[in-house]
């Protein structure tokens, strides 16, 4: 520790002790001493460098307080002050004067504590030499904190701090200690894979979102205090192995933050207290110190990140991400990798994978689309929202593959009956006693039941619940219709081949391209029903079970946006998969007779399709603008105030859907089944 920092910290300590000696408010000043000493501990200031009469006095005062009262003070509501107690425990551990924590743990087990209080309690446990002895309490605290993070929409806020960055700092500091403990004890012995994944995701997001919110001048918020928290968070991040591939942008962000602090360290939102000044010194000290190692090696799979780099390059080629810095795309990719084990563990919950090619690419691409679009515009949707949409996304792909590969031997009318039966609980599906049909009935029933009984669907408004079930039925029937259309198209091709002809045109009878692409084709994308599922998520999580779109204008404009989005995405899909569709005999937009008037062959038809897709994009933009412009006045202030936040999340959803279309244009990622697709029987 350099003499500059040593002298400054000792000066703060001496001033704090002088204030204590004045005895203006003994309890308040004792708490200030606790804060001061525990902050020195977390900052990494070597205790022996700070040894002086005053710090010895602080240690004596705190030790005496703990001897007299094993649990300090009283918090609002009559609860024990777990924050003060746990910080005192950490401060005494820092001074090599450890005290027992059993009394604090008894109080903690008896009460419900806030996010910040839980962070403090966890940190007190982890500073014990025998921390692994308290595994049950550690897991309880980690589970509570992770759940709070996952459920929080946007920023996490503690109970007493005015800035979310302080809460994030407390969280990251305590979780870094958890990772260090896991490295010593073996990750799989300390916690199960699901909690470990949730922990990795929460910590990575807390660090990355802080990094993404740094201002152009290197600051956070409007004060040096917040910027100090930001720098300290990033200094914790560079100790973690999950940020090893982002070392360069992380170091640059820290340097920019330090430069801002050095210029503006007097600009605080209130007169600088000793603790605020200490945080500034801590940020400068930690930033100057070299990283001390790679914590969390045993919990983080760097091989998945290496595999994901090709997808990051693919995303950077799309219009949506062409202007986004490469490191941001890479960071979103790393975040997405952390979701993969949780998603992969559920891959066989509903649909079987018999006769299917490897689905690993879905588990690479799907979470990446959600993390990247959430981070791109700093939407920062709740982690629970992102995860639920990742699950829905891969289930939709599995449903598509399942119906194509398994429904080929089922007559069309029977397949439709099986679908309808899945929406009537307690009613046996038609022909379900036939073995070949039971293999279809069971996954269909599981899929429909998963949606209908999803906690967020059950907690949503009646309107939104009805909407998602209606759109889900339409989605499944659209697959049957699409399969029939494909079979008819293949028959046309076979007839032409027997006559030495080459047919690429679809005999649409009375169906126009416009009618098909906005009904069967759009519904087949899963976009409309996924849109309705998002409505349920928002209704239940943000709106207290109220309707996602309360006004008639909102309902209409939302429906218009949903249709234009689905139509646009299908057109981009067809644009990018003309070759694959031709090889597999799938009906493509350019096979409709309306394209016959386009001279120049397949490429000219694709250009025409692309222009029409751009028209749908313009319609989507207008619909979203109209939706956001509706003046919501329901009389429920909490509902009305959520309109802007809802629109941010809807824009993110549209970006994700749009991104798939853009990826199809860059490269067709559609999977092939490992056998011929015969389609349903007539």
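In the working numbering, the protein residues as written are 10 to 691.
Glycine included, C-beta positions come from ideal geometry on N, C-alpha and C.
Cβ atoms of residue 673 and residue 581 come within 8 Å of each other, at about 5 Å. Here the C-alpha atom of residue 189 lies approximately 41 Å from the C-alpha atom of residue 671.
In the DSSP annotation of this structure, residue 557 is not part of any alpha helix (DSSP H), being labelled neither H nor E. Nearest Cα to residue 177 within the set 133, 404, 193 and 124: 124. Taking C-beta separations shorter than 7 Å and ignoring five residues to either side along the sequence, the partners of residue 128 in its chain run 154, 179, 180 and 183, following chain order. The Cβ atoms of residue 157 and residue 347 lie no closer than 9 Å to each other. Bounds of the alpha helix (DSSP H) holding residue 96 are 91 to 103. Per DSSP, residue 599 lies in no alpha helix (DSSP H) segment and is marked neither H nor E. Distance from the CA of residue 18 to the CA of residue 271, rounded to the nearest whole angstrom, comes to 16 Å.
The Cβ-Cβ distance between residue 354 and residue 258 does not fall below 9 Å. In this structure, DSSP gives residue 165 a state outside helix and strand, which the three-state scheme calls coil. By the neighbour-count criterion, in which a residue is buried when 16 or more other Cβ atoms sit within 10 angstroms of its Cβ, residue 265 is buried. At least 9 Å separates the beta-carbon of residue 405 from that of residue 232. For residue 537, the enclosing alpha helix (DSSP H) covers residues 536 to 550.
Annotation for residue 379: the continuous alpha helix (DSSP H) segment containing it runs 369 to 385. Residue 290 and residue 244 have their alpha carbons spaced roughly 13 Å apart. Counting every other CB atom within 10 Å of its CB across the protein chains shown gives residue 187 a total of 16 or more, marking it as buried. Around residue 596, the same chain offers 494, 495, 498 and 515 as residues with beta carbons nearer than 7 Å, after the five sequence neighbours per side are excluded.
Here the alpha carbon of residue 91 sits roughly 16 Å from the alpha carbon of residue 42. When the beta-carbon positions are compared, residue 200 and residue 151 come within less than 9 Å of each other. When secondary structure is reduced to three states using DSSP, residue 359 falls in the coil class, being assigned neither helix nor strand. With a cut-off of 8 Å on Cβ pairs, the segment 128 to 138 is in contact with the segment 95 to 111, counting three or more such pairs. The continuous alpha helix (DSSP H) containing residue 525 extends over residues 522 to 526.
Residue state for residue 241 is assigned as helix, using DSSP reduced to three classes.
With respect to residue 99, residue 47 sits close: the two C-beta atoms are nearer than 9 Å.
Residues 185, 188, 189, 192, 248, 249 and 250 of the same chain have their beta carbon placed closer than 8 Å to that of residue 304, with the five preceding and five following residues left out of the count. Counting C-beta atoms within 10 angstroms of its own C-beta, residue 173 has 16 or more neighbours from the protein chains shown and is therefore classed as buried.
Under the DSSP assignment, residue 106 falls outside any alpha helix (DSSP H); it carries neither an H nor an E label. In this structure, DSSP gives residue 249 an extended state, which the three-state scheme calls strand. For residue 430, the closest C-alpha among the options 119, 482, 468 and 344 is that of 482. Sorting 601, 246 and 324 by C-alpha distance to the C-alpha of residue 211 places 246 at the top.
Separation of residue 573 and residue 530 (C-alpha to C-alpha, rounded to the nearest whole angstrom) is 12 Å.
Counting C-beta atoms within 10 angstroms of its own C-beta, residue 69 has fewer than 16 neighbours from the protein chains shown and is therefore classed as exposed. Taking a contact as a CB-CB distance under 8 Å, the pair residue 307 and residue 195 counts as one, their CB atoms being some 7 Å apart. The Cβ atoms of residue 555 and residue 636 do not sit closer than 9 Å to each other.
A distance of 9 Å or more separates the beta carbons of residue 59 and residue 39.
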